[in-house]
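Undergrad:
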Amino acid sequence: MLTRSIHSVRRVEIGPATAWRDGALTVSPDEAREILGAACLAEVGVSWASPGEAVRIVKVLDVVEPRTKGPGGGGIFPGWLGAASAGGVTHVLRGAAVVVAGYLPRAQEAVIDMCGPAAELSPFGATHNLVIEFTPAAGADWAEVDDALRRGSLALAARLAEAAIDAPPDELETVVDPGPVDGLPRVAAITNLQTQGVFKDVFVRGASFNGQAPALIDPAEIDDGAVVSGQYGHPSLRNPTWAHQNHPVANALRARHGRDLSFAGVVLCPEPVTAGEKARISAAAAQLCADAGFDAVILTKEGGGNADADVALKMDALEDLGIATVGLFAEMAGPDGTGPPIVVAPERATAMVSTGNYDTRLSLPRMDRALGGAELALLGVAATEAMELPTAVILASLGCLGGGRLTCSPPEA
Amino acid sequence: MARIVHYLNQFFIGAGGEDAAASPPATQPGPVGPGRRLAQLLGADHEIVATVSCGDDDAAGRPEAIAEIVALIQAAEPDLVVTGPAFTSGRYGLACARVAAAAMATGLPAVAAMHPDNPGIDEAGAAPVVATGEAARLMGAALDVLAAAVAKLLAGGVLTSADGLVGLAPRLPRMADRTAAERAVDLVLARLAGDRDATEVPLPKFDKVTPAPPVTDLAHSTLAILTEGALVPDDNPGSLESARATRWLRYSLAGRETLVPGEWRSVHGGFSTVWANADPHRILPLDAARQLEREGAIGHLHEEFLVTAGNGTSVANARKFGVEWAADLRHSGARAAILTAT
Chain A
1 MLTRSIHSVR RVEIGPATAW RDGALTVSPD EAREILGAAC LAEVGVSWAS
51 PGEAVRIVKV LDVVEPRTKG PGGGGIFPGW LGAASAGGVT HVLRGAAVVV
101 AGYLPRAQEA VIDMCGPAAE LSPFGATHNL VIEFTPAAGA DWAEVDDALR
151 RGSLALAARL AEAAIDAPPD ELETVVDPGP VDGLPRVAAI TNLQTQGVFK
201 DVFVRGASFN GQAPALIDPA EIDDGAVVSG QYGHPSLRNP TWAHQNHPVA
251 NALRARHGRD LSFAGVVLCP EPVTAGEKAR ISAAAAQLCA DAGFDAVILT
301 KEGGGNADAD VALKMDALED LGIATVGLFA EMAGPDGTGP PIVVAPERAT
351 AMVSTGNYDT RLSLPRMDRA LGGAELALLG VAATEAMELP TAVILASLGC
401 LGGGRLTCSP PEA
Chain B
1 MARIVHYLNQ FFIGAGGEDA AASPPATQPG PVGPGRRLAQ LLGADHEIVA
51 TVSCGDDDAA GRPEAIAEIV ALIQAAEPDL VVTGPAFTSG RYGLACARVA
101 AAAMATGLPA VAAMHPDNPG IDEAGAAPVV ATGEAARLMG AALDVLAAAV
151 AKLLAGGVLT SADGLVGLAP RLPRMADRTA AERAVDLVLA RLAGDRDATE
201 VPLPKFDKVT PAPPVTDLAH STLAILTEGA LVPDDNPGSL ESARATRWLR
251 YSLAGRETLV PGEWRSVHGG FSTVWANADP HRILPLDAAR QLEREGAIGH
301 LHEEFLVTAG NGTSVANARK FGVEWAADLR HSGARAAILT AT
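Residue numbers (my numbering), protein chains in the order written: chain A, 1 to 413; chain B, 1 to 342.
(1) Checking 8 Å against the spacing of the C-beta atoms, do B:Glu-134 and B:Thr-88 come in under that value?
(2) Nearest-angstrom Cα distance between B:Ser-324 and A:Ile-281?
(3) So which residues on chain B does A:Gly-399 lean against when the C-beta distance must stay under 8 Å?
(4) With the cut-off set at 8 Å, would you say B:Glu-343 and B:Arg-290 are in Cβ contact?
(5) Quick one: which chain A residues come within Cβ less than 7 Å of B:Ala-316?
(6) Taking B:His-6 as part of the beta strand (DSSP E), name the residues at either end of that continuous run.
(7) For the beta strand (DSSP E) that A:Ala-140 lies in, which residues bound it at each end?
(8) By alpha-carbon positions, which one of A:Ala-309, A:Pro-180, A:Val-98 ends up nearest to A:Ala-345?
(9) Which term fits B:Arg-247, buried or exposed, when burial requires 16 or more other beta carbons within 10 angstroms of its beta carbon?
(10) Could you tell me which chain A residues have their CB closer than 7 Å to the CB of B:Thr-346, listed as they occur along the chain?
(11) Which residues in chain B sit within 8 Å of A:Gln-194, going by Cβ to Cβ distance?
(12) Given a cut-off of 8 Å on the beta-carbon distance, is the pair A:Thr-360 and A:Pro-335 in contact?
(13) For the alpha helix (DSSP H) containing B:Thr-210, list its first residue and its last residue.
(14) Compare the Cα-Cα distances from A:Leu-36 to each of A:Ala-213, A:Asp-147, A:Arg-348 and report the closest residue.
(15) Does chain A have any CB closer than 8 Å to the CB of B:Arg-171?
(16) Determine the burial state of B:Ala-327: buried for a count of at least 16 other Cβ atoms within 10 Å of its Cβ, exposed for fewer.
(17) Which partner residues does B:Leu-339 have in the DSSP bridge list?
(18) Got a sec? Which residues, its chain only, sit under 7 Å from B:Tyr-60 by beta carbon, not counting five neighbours each side?
(19) Quick one: residues in its chain with C-beta nearer than 7 Å to the C-beta of B:Glu-241, no 5 flanking neighbours on either side, listed in chain order?
(20) Just verifying my parser: in three-state terms, what is the DSSP assignment at A:Asn-357?
(21) Residue range of the alpha helix (DSSP H) that B:Asn-317 falls in?
(22) When the Cα atoms are used, what is the spatial distance from A:Leu-130 to A:His-234?
(23) Quick check on this structure: which residue in B:Thr-51, B:Pro-109, B:Leu-306 has the alpha carbon closest to the alpha carbon of B:Gln-343?
(24) For A:Ala-413, which three-state DSSP category applies?
(25) Per DSSP, which one or two residues make a beta bridge with A:Gln-231?
(26) Taking the continuous alpha helix (DSSP H) assigned at A:Ala-290, which residues delimit it?
(27) Could you tell me which of A:Cys-400, A:Leu-61, A:Ile-190, A:Ala-118 sits nearest to A:Phe-267, measuring between CA atoms?
(28) Of the choices B:Leu-38, B:Ala-341, B:Glu-295, B:Arg-196, whose alpha-carbon is the least far from that of B:Gly-140?
(29) Please confirm if the segment 176-192 of chain A is in contact with the segment 252-261 of chain A, defined as three or more CB-CB distances below 8 Å between the two stretches.
(30) Please decide whether B:Val-260 counts as near chain A, where near means a Cβ-Cβ distance under 8 Å.
(31) Does A:Glu-331 have its Cβ less than 8 Å from a Cβ in chain B?
(32) Comparing the C-beta of A:Asp-316 with each C-beta of chain B, is any distance below 8 Å?
(33) Quick check on DSSP: helix, strand or coil for A:Asp-113?
(34) DSSP three-state label for A:Trp-20, please.
(35) Pull up the distance between the alpha-carbon of B:Glu-68 and that of A:Thr-135, whole angstroms please.
(36) By Cβ distance, which residues of its chain are closer than 7 Å to A:Ala-413, with the 5 residues on each side in sequence left out?
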């Protein structure tokens, strides 16, 4: 049984020493730079962007929630900072996030606005974001840069949470373990991870999940950062590390555990790139759920239309085995919402939840400050300019893992 | 007496099928073909004063054609323009929709008739479209609906779904009370309880395309190579989008034996373009096509290639591109095509 010790972040600042006092998080840029130091990084910048400020963060890569199980790194971000260690107490700096932003090849440009309409759509419009900017060393290998940023941001996130470890928590949360409850249906989550190689990959316990088979995982381990994102594809449709740490479907199932259902567990699945592999992985995942005795499954995706197929195929495969399924989909229905909403739809399993429309246009205000880059390369304009962008560009705005409230419906509904 | 001009394609005026698809805009007095039945249904208070027609390839494939058609319509000084019914015919539907839209844009009331799945639907602009069945065997019912719609419009009425008006019900974004994950739990419990219909997203309906018959004489046919791989000249002069394409472009292959690396670039945003740029033939196989041309396996290679970016492209745009490509290729004489996808 895992306990989350919640420390709510209410104020943030830059200061000479990293510290936590009464809801205020102070970060030492020198210490942050030391933690992120790597031969492939020439420069690292550290600055805060808080909710309500006129700040736009462009070229966002990953976002990590500060968490720790104690100094030394054991148990948190397993495979990166130490081995997995289930249970115990995990300290969480809720309301803060470490945000890495800057150019990497193959990364699709993601935007976080700290005010205006986009701020309401992304979970990161509501967090105090410690933005890490970087300049690669001359001639540095991009994959090494990516790896250094990932290791550094995870270590920094753990270090920030350590500052609060001796402070009284604002709240203690019990993280329900999966297990059967007599007379209640066993409902599990299948979490698809878009694993497409360097710069578009997802890591489980420190290793790429590309090419792996569907696997059950202790959901408390996901809480502790067993799933880390290196996925820089579709901005609105990717699941940053922060989203996995706060796995919305696992948490929603825990909330109903023992009352309406029994939380049965989480299955991680890769999203292969070929149709044949998608079908093979889907059949394997469905069989795994049947073998585990699950009655129902909620499926989530990561990625664009391609990833709809991974959900749709699994939904049909599960229903064929008598397992009730619901899939979460982001719609790609055109700017006016009149196009077909789903790229690849299930045929027999028809229960779907909408997490919004990828194509909805947003008018974003002019900002005072930009982080992550001076230009929004997508439009070739200064990053601070007022601009019109599709929801597609706003990081995690379509909450593939189910954390958002955005949806679509016909006007009369 | 209300004056009506009716727009039809080459087939429905009796000029021929695909053999006459390139025929230019033309006008003739009075009702023709299905227009005669439409005139009967409309009765003595209405008169179809002229029938304007055009071949499908010309109307859907030549940019100036729509303006020429509208000019012929205006010359007959109508009170209302009727286009179709086009049923599920793609090029004809596109032409009917565009003619109706262009007429409306000049202030001339218009109404089009076609099947709700016709790709032309999205092109009708401000013009109302009434629904018909799938094919010409349902002409009788289609003309009944169309005649009633014409009479209502000329009497100053506004068409509704009860009149057969095709409405694209938009799905609009909003904030739900609870998160998607929480709603998913409710939905999965409902499904476990036996509710098989509950969903937030209706299943989309995709049209199924019947493939054209095989090319019988490839050695004497012109073959076109096309791609959705976003391969364009290195400076992307046509500003092709890397995702969510709204346009397609054409580039000449005349005199080219190969695609030289560095002169061409894929701007596709959905995959790593490194290998495509290192050898553009991986996207557009001009080298192999020229080889086949030299061997006599194909008659000729079409002198230009058509290109768009197939990455998050809306179905509506993709359908429109497809119809426009078909018309364009037929117009220019190509009778076979290889479309590479990434």
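The beta carbon of each residue, even a glycine, is placed where N, CA and C say it ideally should be.
TA: Reading off the structure:
(1) As a first step, residue 134 of chain B is located in the second sequence; it is residue number 134 there, counting from the start. As a first step, residue 88 of chain B is located in the second sequence; it is residue number 88 there, counting from the start. In contact: B:Glu-134 and B:Thr-88 (Cβ atoms closer than 8 Å).
(2) Here residue 324 of chain B refers to the residue found at position 324 of the second sequence. Here residue 281 of chain A refers to the residue found at position 281 of the first sequence. Before going on, a small fix: residue 324 of chain B reads as Glu here, not Ser. In a straight line, the C-alpha of B:Glu-324 is about 38 Å away from that of A:Ile-281.
(3) Within the first sequence, numbered from 1, the residue matching residue 399 of chain A stands at position 399. Those are Thr-179, Ala-180, listed as they occur along chain B.
(4) For residue 343 of chain B there is no data in the structure shown, the boundaries of chain B being 1 and 342.
(5) Position 316 of the second sequence holds residue 316 of chain B. In chain order: Gly-334, Gly-339.
(6) The sequence position of residue 6 of chain B within the second sequence is 6, counting from 1. Here the beta strand (DSSP E) through B:His-6 covers 2-9.
(7) Mapped onto the first sequence, residue 140 of chain A falls at position 140. Taken as a continuous stretch (DSSP letters only), A:Ala-140 belongs to no beta strand (DSSP E), as it is neither H nor E.
(8) In the first sequence, counting from the first residue as 1, residue 345 of chain A sits at position 345. Per the Cα distances, A:Ala-309.
(9) Here residue 247 of chain B refers to the residue found at position 247 of the second sequence. Classification for B:Arg-247: exposed.
(10) In the structure as shown, chain B starts at 1 and stops at 342, and residue 346 of chain B therefore has no counterpart that could be examined.
(11) By 1-based counting over the first sequence, the position of residue 194 of chain A is 194. Residues of chain B passing the Cβ test: none, with the nearest at roughly 12 Å.
(12) Looking up residue 360 of chain A in the first sequence gives position 360. Looking up residue 335 of chain A in the first sequence gives position 335. Contact flag set, yes.
(13) Within the second sequence, residue 210 of chain B is the residue found at index 210, counting from 1. Unbroken run through B:Thr-210: none, as it is neither H nor E.
(14) As a first step, residue 36 of chain A is located in the first sequence; it is residue number 36 there, counting from the start. It is A:Asp-147.
(15) Locating residue 171 of chain B in the second sequence gives position 171, counting from the first residue. By this cut-off, B:Arg-171 is an interface position.
(16) The count along the second sequence starts at 1 and reaches residue 327 of chain B at position 327. Classification of B:Ala-327: buried, given that the 10 Å Cβ count is 16 or more.
(17) For the purposes of this step, residue 339 of chain B is taken as residue 339 along the second sequence, with counting starting at 1. Answer by DSSP bridge pairing, in chain order: B:Leu-226.
(18) Stepping through the second sequence from its first residue, residue 60 of chain B is reached at position 60. Before going further, note that residue 60 of chain B is Ala rather than Tyr in the sequence given. Counting only Cβ-Cβ distances below 7 Å, and skipping sequence neighbours, we find Arg-91, Leu-94, Ala-95, Val-323, Glu-324, Ala-327.
(19) As a position in the second sequence, residue 241 of chain B is number 241, starting the count at 1. Around B:Glu-241: Ala-309.
(20) Your numbering for residue 357 of chain A matches position 357 in the first sequence. Strand.
(21) As a position in the second sequence, residue 317 of chain B is number 317, starting the count at 1. 315-331 is the span of the alpha helix (DSSP H), which, as asked, contains B:Asn-317.
(22) Counting from 1 along the first sequence, the entry for residue 130 of chain A is found at position 130. Counting from 1 along the first sequence, the entry for residue 234 of chain A is found at position 234. Cα to Cα, the separation comes out at about 22 Å.
(23) As shown, chain B starts at 1 and ends at 342. That puts residue 343 of chain B outside it, with no answer to give.
(24) On the first sequence, position 413 is the one that residue 413 of chain A refers to. Residue placement at A:Ala-413 is flagged as unreliable, the pLDDT there being 40, under the threshold of 50; the coordinate-derived value follows with that caveat. A:Ala-413: coil per DSSP, three-state reduction.
(25) As a working mapping, residue 231 of chain A is identified with position 231 in the first sequence. Bridge partners of A:Gln-231: A:Lys-200.
(26) Along the first sequence, one-based indexing puts residue 290 of chain A at 290. That run of the alpha helix (DSSP H) goes 275-291.
(27) Here residue 267 of chain A is taken as the residue at index 267 of the first sequence, counted from 1. It should be noted that the sequence gives Val, not Phe, for residue 267 of chain A. Of the listed residues, the one whose Cα sits closest to A:Val-267 is A:Ile-190.
(28) Taking the first residue of the second sequence as position 1, residue 140 of chain B is located at position 140. Considering only alpha carbons, the answer is B:Leu-38.
(29) yes
(30) In the second sequence, residue 260 of chain B corresponds to position 260, counting from 1. Closer than 8 Å: no.
(31) The residue labelled residue 331 of chain A in the question sits at position 331 within the first sequence. Yes, because at least one Cβ of chain B sits closer than 8 Å to the Cβ of A:Glu-331.
(32) Here residue 316 of chain A corresponds to residue number 316 of the first sequence, with the count starting at 1. Taking Cβ atoms only, chain B never reaches closer than 8 Å to A:Asp-316, which makes this a no.
(33) As a first step, residue 113 of chain A must be located in the first sequence, where it is residue number 113. A:Asp-113 falls in the strand class under three-state DSSP.
(34) Locating residue 20 of chain A in the first sequence gives position 20, counting from the first residue. A:Trp-20 falls in the strand class under three-state DSSP.
(35) On the second sequence, residue 68 of chain B is found 68 positions in, with the first residue counted as 1. On the first sequence, residue 135 of chain A is found 135 positions in, with the first residue counted as 1. Near 58 Å, if we compare the C-alpha coordinates of A:Thr-135 and B:Glu-68.
(36) The residue you call residue 413 of chain A lines up with position 413 of the first sequence. With a pLDDT of only 40 at A:Ala-413, under the threshold of 50, the placement of this residue in the model should not be trusted, and no figure is reported.
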